[in-house]
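> Residue numbers (my numbering), protein chains in the order written: chain A, 24 to 264; chain B, 46 to 619. Note that beta-carbon positions come from the ideal geometry of N, C-alpha and C, so glycine has one too. Treat the numbers as computed from the prediction; the structure is a model and nothing was measured. My structure is below; once you've seen it, I'll send some questions.
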Amino acid sequence: MKVKLKIYRFNLETDREPHYDIFYVEANPNERILDCLNKIRWEQDSSLTYRMSCAHGICGSDAVTINGMPALACQKLVKDYDNTEELLIEPLKYFPVIKDLNVDMEPFFKRIKAINPNTPEKPPNASTAKERLQSIEERSRIDDAVKCILCGCCIAACPVILEQEPEFIGPAAILRAQKYICDSRATDTVQRMQIMEKPYGIWGCKSYYMCTMVCPKSIKVTEAILKTKKKIIQDLHPKNQ
Amino acid sequence: MIHEYDVVIVGGGIAGLYTALTAVEQCRVAVVSKVHVTRSHSVAAQGGIAASLGNEEEDHWEWHMYDTVKGSDYLADQDATEILSEEAPNAIISLEHMGVPFSRNAQGKIEQRRFGGHTRNYGEAPIKRACYVSDRTGRAIMDTLYDRCLAKGVDMYDEVFVLQLLFSNTHCCGVAGYDIATCTPQVFHAKAIVLATGGCGKIYKTTSNGFASTGDGFALTLDSLIPLEDMEFVQFHPTGIYGLGILISEAARAEGGVLRNGVGERFMERYAPTLKDLAPRDIISRAILTEIKEGRGVESKDYVHLDLREIGKEQLTQKLPEISSFIKTYLGIDPSETPIPVAPTCHYMMGGIPTDSEGRVLINKGDTFLPGLFAVGECACVSVHGANRLGCNSLIDLVVFGYRTGVNAAKHAKGKDLPQLPQQAESIVSSKINHLIDSAGNERAPVLREAMQNLMTEKCSVFRNRDGLEQALEGIRQLEKRYLNVCLANKSRIFNYELQEALELGNMLKTAQAIVFSALQRKESRGAHYRSDYLERNDEEWLKHTLVYTAPEGLKTSYKPVSINRFAPEKRRY
C-alpha cells in the first residue's frame with residue numbers, strides 16, 4: 024500500500040525555521056515505520072536524518088514523535104495507524120533538534136548520570152567468590168526497572184518537563200534510581216534517595232501517567248515513582264508518616 | 046581535535062566496557078563508539094551467559110570446556126578454552142557483585158537454564174549452565190557496566206566513527222576518526238588501543254545484528270596489513286523470525302519450545318537424538334534448511350515453526366517476556382497459542398582479529414605481537430569458538446577476556462611515554478571524507494549494499510560449494526570496483542548518514558571478501574563452514590586456523606596450528 028509521511032525537516036547549518044516534507048512510500052502493513060524511513064533515505068532523499076541501531080526495540084536509538092506521541096520507529100508498524108491519513112513524523116519534544124529527527128540527547132543522559140552517587144558503592148571482595156543471595160521476591164521488586172532501554176520517550180511526554188519545570192529530573196532517571204534503591208543487595212540506598220530529594224528531584228512528579236502511557240517497554244513508570252516516594256518517606260522521614 | 050589517553054577502546058559493547066572498567070583502575074581510559082554506548086549491539090543478547098556455577102545441578106568447568114571444544118568442531122584453541130571455562134564462574138560472581146540483576150532460583154542463587162550444546166558429564170544430557178536476566182541478559186549487563194564506567198571516570202566519546210589505525214614505527218599509537226554529528230576529525234593518541242568493534246552481520250540480507258554491525262574492526266586491521274583468523278566461520282542462528290531475522294533466543298527451546306516442520310514433526314529428533322532441539326546452532330541451522338530443501342517447510346515455504354505452546358502463558362511471561370512481546374508486535378501472534386515462523390539468520394563471527402589470551406593482537410604467522418594493539422569480543426579470535434560457537438559462550442568470552450585485555454592494556458601503557466603520533470593523522474580522515482563527498486561517480490551505496498547482501502546470502506551462508514564461492518568472490522570484486530565510483534547526493538557535514546553508510550559499505554566489502562576467500566580455500570566441512578563438495582571434516586589436512594591477509598596482489602592465506610591439550614578430536618555426535 025502507499026503510505027504518506029509528513030516529516031519534520033530542520034538543519035542547524037542552514038535553516039532558521041523547520042519545515043515539513045511529504046514523502047510517499049510503498050510498504051506492506053506489517054512493515055515498521057523505521058522501514059518506511061529507510062526507504063526514503065535509501066531511495067528518495069539521502070539527507071533524511073534519524074538514528075537507528077537494533078531495529079527491534081531494545082537499543083533505544085530511534086525514538087521519534089509519531090502523530091504527536093513519542094514512540095520507537097522500529098516498534099510501530101504501518102498497520103498500527105490509519106493509512107487513509109498522512110503519518111506525521113517529528114523529533115522528540117523537549118530535546119534540542121540538531122537535524123531532522125536527530126535531537127541532542129545530552130539533557131537525557133545528564134539526568135541518567137545525576138542519579139549516581141559521587142562515591143560509588145564498593146563491590147564486595149571478589150575473592151569471597153560467592154554471589155550475594157537474593158530471593159525471587161526481592162529480585163522481583165526491580166523487574167520493571169530493568170526493562171528500561173533509555174530511549175527518552177517518557178521525558179518527551181512528561182507534562183511537568185514540557186509545561187512546568189524543564190529542569191525536573193524526569194521519569195527515566197527516577198526509574199533508574201528505583202532500580203538501585205529497591206535492589207536488596209545495594210548498600211548506597213540512602214545516598215541515592217537523598218539525590219532523589221535534591222531540587223528538581225522526585226517530588227516534582229505529579230503523577231500524570233504520561234510516561235506509563237508512552238513507554239515502549241510497557242513499564243509501569245508512574246507506579247515505580249510512587250513506590251520510590253513511599254520508600255523515601257518511610258526510610259528518610261519516618262516522623263512524617 | 047587530538048585526545049590523549051593511556052588506553053583507548055574502540056567500541057562500547059560489553060567487551061569494550063568491561064575492558065575499560067578493568068583498565069581504568071590503573072590508568073586514563075576512553076571508549077570511542079560509533080553509536081551512543083548504551084545502543085551497542087550487546088544489548089540485544091537475550092538468553093544468557095555460560096558458567097559452571099552448578100547452582101541447579103552438578104557441573105564442572107571441565108565439562109564446560111569439553112562442550113565448547115566439541116561445539117567448535119575441535120578448532121577452538123584448548124589453552125584459551127580452558128581459561129574461558131575455568132574463569133567463567135568468577136566472572137559471573139564479579140558481574141553479580143557489580144550489580145547485574147540476575148534472575149534467581151528458590152535458594153536465592155543465580156538461576157541457570159539449559160542451552161544448546163551445553164551438557165552434563167561429557168555429552169550425556171543437557172545441563173543448566175546459562176545464567177540470565179530473563180531474556181534481557183545483554184541489556185542488563187550493559188546497563189550495569191555503563192553506570193560503573195561513569196562512576197569510575199571512563200571517558201566516553203559517543204557517535205565517533207573510527208576510520209584508521211595509527212602507527213609509530215611498529216607500534217600502534219592511536220586511531221583517527223570523525224565526529225558523526227559535525228564531520229570533524231577526532232584523533233585518539235594512546236599507548237594502547239583496544240579494538241572491540243563487534244561483528245558484521247549486515248553483510249548478509251537476513252541478520253539478527255543491528256545496523257552498526259558492519260565489520261569496521263575487520264576492515265581496520267586488513268587495511269593495516271594485519272591478518273584475520275578463521276573468517277570463513279560465520280554463525281547462522283537457527284531461529285530468526287522469518288523474513289525479519291530478529292533473534293528468538295535458544296532460551297525459547299531451553300524452556301521447552303520445539304522446532305516442527307511442515308507436517309508437524311519434531312524433526313530435530315532425527316538429526317540429534319540426544320540433544321534434539323538443544324543441539325548446537327550449526328547443526329540445527331543445517332537441519333532446518335535441509336527440511337525446507339526436501340519440501341518439508343511449513344506450507345512448502347522456506348521456513349519452519351518454533352512451537353512454544355508447551356511452555357504455557359505464565360512461564361512465557363516470566364522467562365521470555367521480551368521475546369513474547371516482540372513476537373506479538375511484529376507478527377501479531379501470541380506464542381502461547383500459535384507457532385512462530387522461523388529460519389536461520391546471520392548471527393555471529395567466530396573468526397576475527399587474532400589475539401592471545403591477554404588480548405594482544407598477533408601478526409605474521411600468528412606468532413608475533415603487534416605492540417600497542419589489542420582486540421576483544423566478537424571482533425577478536427582468541428580462539429575459543431573455533432568453527433561454531435555455543436550459545437551463552439559469547440557473553441562469557443566478553444567478560445573473561447575483557448578483564449584480561451583490560452589488565453594487559455593497562456600494564457602495557459603504564460610507565461611508557463606516548464609514542465610519536467604521525468603528523469598527518471587528522472588529514473587522513475579529512476581526505477577520506479572529502480573523497481566521498483566530492484566524488485563525481487555514479488554508483489549509489491544502498492544499491493551496491495543490497496547486491497552484496499544478496500550475493501553473500503545466496504553463495505556464502507549455511508551451505509557452500511566451490512562454484513558458488515568462486516562466483517561470490519568474483520561478484521564481491523566487481524562490487525569493490527563499482528564502489529570506487531560511489532557518490533553522495535547529500536553533501537552536508539552534519540549527521541551525514543549517507544556518508545557513514547558509504548564508509549561502512551567499504552568495510553563490509555573488505556570483510557565479505559575475507560570471508561569468501563577463506564571459505565574457498567578450506568576444502569572440508571567443519572562447524573558452520575559446510576561445503577557440499579567436501580562433506581566431511583578432514584583433520585589430517587585442515588585441523589588448522591586460517592589467517593587471511595592483504596598482500597600487494599590481493600588477499601592471501603596462511604595457516605597456524607590449533608592448540609590441543611586435553612580433548613583429542615573425535616566425531617561430533619549429539
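Note down the Cα distance separating D192 of chain B from N141 of chain A, rounded to an integer number of angstroms.
Roughly 12 Å between the two C-alpha positions.
> Do the stretch 427 to 446 of chain B and the stretch 113 to 128 of chain B meet, that is, are 3 or more Cβ pairs less than 8 Å apart?
Result yes; three or more Cβ-Cβ pairs closer than 8 Å.
> Does the structure place the stretch 237 to 249 of chain B close enough to the stretch 413 to 426 of chain B that three or more beta carbon pairs sit under 8 Å?
Taking 8 Å as the limit for Cβ pairs, the verdict is that the stretch 237 to 249 of chain B does touch the stretch 413 to 426 of chain B.
> Here's the rule I'm using: 16 or more other beta-carbon atoms within 10 Å means buried, otherwise exposed. How should S241 of chain A be labelled?
S241 of chain A should be labelled exposed.
> Is it the case that the CB of P606 of chain B approaches a heavy atom of the ligand ZN more closely than 8 Å?
Within the structure as shown, the ligand ZN is missing, as the structure has no ligands at all.
> Relative to the C-alpha of A180 of chain A, which residue among A:L156, A:L259, A:K136 and A:V87 is closest?
Among A:L156, A:L259, A:K136 and A:V87, the Cα nearest to that of A180 of chain A is on A:V87.
> Is W226 of chain A close to chain B? Criterion is C-beta to C-beta, closer than 9 Å.
No - not a single Cβ of chain B is within 9 Å of the one on W226 of chain A.
> For L195 of chain B, return the contacting residues in chain A, with the cut-off set at a CB-CB distance below 8 Å.
The contacting residues are K136 and N139.
> State the beta-bridge partners of N34 of chain A as determined by DSSP.
N34 of chain A is bridged to A:K122.
> Could you please give the first and the last residue of the uninterrupted beta strand (DSSP E) stretch that includes S7 of chain B?
Here chain B has residues from 46 to 619 only, and residue 7 of chain B is not among them.
> What's the gap between the Cα of A65 of chain B and the Cα of I54 of chain B?
Using only the alpha carbons, I get a separation of about 7 Å.
> Could you give the distance in angstroms between the alpha-carbon of Y249 of chain B and the alpha-carbon of C391 of chain B?
One C-alpha to the other measures close to 7 Å.
> Residues of chain A with CB closer than 9 Å to the CB of L533 of chain B, please, in chain order.
Within chain A, the residues near L533 of chain B are S69.
> Checking contacts by CB at 9 Å: is A78 of chain A closer than that to chain B?
So, interface residue.
> Starting from K136 of chain A and walking both ways along the alpha helix (DSSP H), at which residues does that stretch end?
E129 to A137 is the span of the alpha helix (DSSP H), which, as asked, contains K136 of chain A.
> In angstroms, rounded to a whole number, what distance separates the CA positions of A299 of chain B and E161 of chain A?
The alpha-carbon atoms of A299 of chain B and E161 of chain A are separated by roughly 25 Å.
> What residues from chain B crowd round N125 of chain A, counting only those whose CB sits closer than 7 Å?
In chain order: F540.
> Could you spell out the range, first to last residue, of the alpha helix (DSSP H) harbouring D58 of chain A?
It spans I56 to E66 - the alpha helix (DSSP H) in which D58 of chain A sits, taken as one unbroken run.
> Taking the Cβ atom as the reference point for each residue, do G61 of chain B and G307 of chain B lie within a distance shorter than 9 Å?
Contact flag unset, no.
> Let me know if I99 of chain A comes out buried or exposed under the rule of 16 or more other beta-carbons within 10 Å of its beta-carbon.
Note on residue identity: the sequence assigns Lys, not Ile, to residue 99 of chain A. Buried is the call here.
> In chain A, what lies closer than 8 Å to S78 of chain B by C-beta?
What S78 of chain B touches in chain A: nothing, since even the nearest Cβ is about 11 Å away.
> Quick test of the definition: if touching needs 3 or more C-beta pairs under 8 Å, does the stretch 129 to 136 of chain B touch the stretch 183 to 199 of chain B?
No, the stretch 129 to 136 of chain B does not touch the stretch 183 to 199 of chain B.
> Can you list, in chain order, the residues of its chain with a C-beta nearer than 6 Å to that of N150 of chain B? Leave out the 5 residues immediately preceding and following it.
The answer, listed in chain order, is E156.
> Give the secondary structure of V492 of chain B by DSSP, where H, G and I count as helix, E and B as strand, and everything else as coil.
V492 of chain B falls in the helix class under three-state DSSP.
> From H7 of chain B to D275 of chain B, what distance separates their C-alpha atoms?
Nothing about residue 7 of chain B can be read from this structure; chain B reaches only from 46 to 619.
> CA-CA distance, K197 of chain B and H142 of chain B?
Using only the alpha carbons, I get a separation of about 15 Å.
> Distance cutoff 9 Å, beta carbons only. Does Q152 of chain B sit that close to anything in chain A?
True, the Cβ-Cβ gap to chain A drops below 9 Å.
> List the residues of chain B whose Cβ lies closer than 9 Å to the Cβ of G83 of chain A, in chain order.
Neighbours of G83 of chain A on chain B, chain order: H81, T83, R84 and V88.
> Taking 8 Å as the cut-off, does the stretch 516 to 529 of chain B touch the stretch 340 to 357 of chain B (at least 3 CB pairs, one atom from each stretch)?
The stretch 340 to 357 of chain B is not in contact with the stretch 516 to 529 of chain B.
> Where do the N-terminal and C-terminal ends of the beta strand (DSSP E) with V178 of chain B fall, by residue?
That residue, V178 of chain B, is in no beta strand (DSSP E); it is neither H nor E in DSSP.
> CA-CA distance, N139 of chain A and A490 of chain B?
The straight-line gap from Cα to Cα measures roughly 43 Å.
> Using a Cβ cut-off of 9 Å (strictly closer), state whether D275 of chain B contacts chain A.
Answer no: the Cβ-Cβ gap between D275 of chain B and chain A never drops below 9 Å.
> Would you check if the distance between the CB atom of K116 of chain A and the CB atom of P93 of chain A is smaller than 9 Å?
Closer than 9 Å, so yes.
> Helix, strand or coil, according to DSSP, for V308 of chain B in the structure here?
In this structure, V308 of chain B counts as coil in the three-state DSSP scheme.
> CB-CB under 8 Å to F191 of chain A, same chain, minus the five flanking residues each way: which ones, in chain order?
Around F191 of chain A: C181, V183, I184, Y223, G227 and C228.
> Do the stretch 156 to 167 of chain B and the stretch 245 to 263 of chain A meet, that is, are 3 or more Cβ pairs less than 8 Å apart?
Short answer: they don't touch.
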